[in-house]
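Asker: So the sequence shown is numbered by numbering that gives the first Met the number 0: it starts at 0 and just counts up by one. Encoded as structure tokens, here's the structure I'll be asking about.
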Amino acid sequence: MSKIILAPLGVLLPAIAMLPGCIQIAAPEKPIEINLNVNVKQEVVVRLQKDAEDLIANNPELFPQ
0 MSKIILAPLG VLLPAIAMLP GCIQIAAPEK PIEINLNVNV KQEVVVRLQK
50 DAEDLIANNP ELFPQ
């Protein structure tokens, strides 16, 4: 019975011992780049427009019509 178990182990152990030479874990040479296309222009324009409207309303002498 022990010969039946040891025979496959005698073949598997050397094969398993050779695997670390084939498998490599390494960090990439280039940094990982995540490209996020986020559009914040609309929010900035709305805020600037609101600020400009408030400035004109609070200082009518600076902006005559």
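For glycine and all other residues, C-beta sits at the position ideal for the given N, C-alpha and C.
#1: Would L47 and I55 qualify as a contact pair, given that the criterion is a beta-carbon distance under 9 Å?
#2: Does chain D have any CB closer than 9 Å to the CB of A26?
#3: Using the C-alpha atoms, what's the distance from P59 back to D53?
#4: In this structure, how does DSSP classify K29 when only helix, strand and coil are distinguished?
Answerer: Per the coordinate set shown:
#1: Here residue 47 refers to the residue found at position 48 of the sequence shown. Here residue 55 refers to the residue found at position 56 of the sequence shown. Contact flag unset, no.
#2: Among the protein chains of the structure shown there is no chain D, as only one such chain exists.
#3: Here residue 53 corresponds to residue number 54 of the sequence shown, with the count starting at 1. Here residue 59 corresponds to residue number 60 of the sequence shown, with the count starting at 1. Those two C-alpha atoms are separated by around 10 Å.
#4: The count along the sequence shown starts at 1 and reaches residue 29 at position 30. DSSP places K29 in coil when its eight states are reduced to three.
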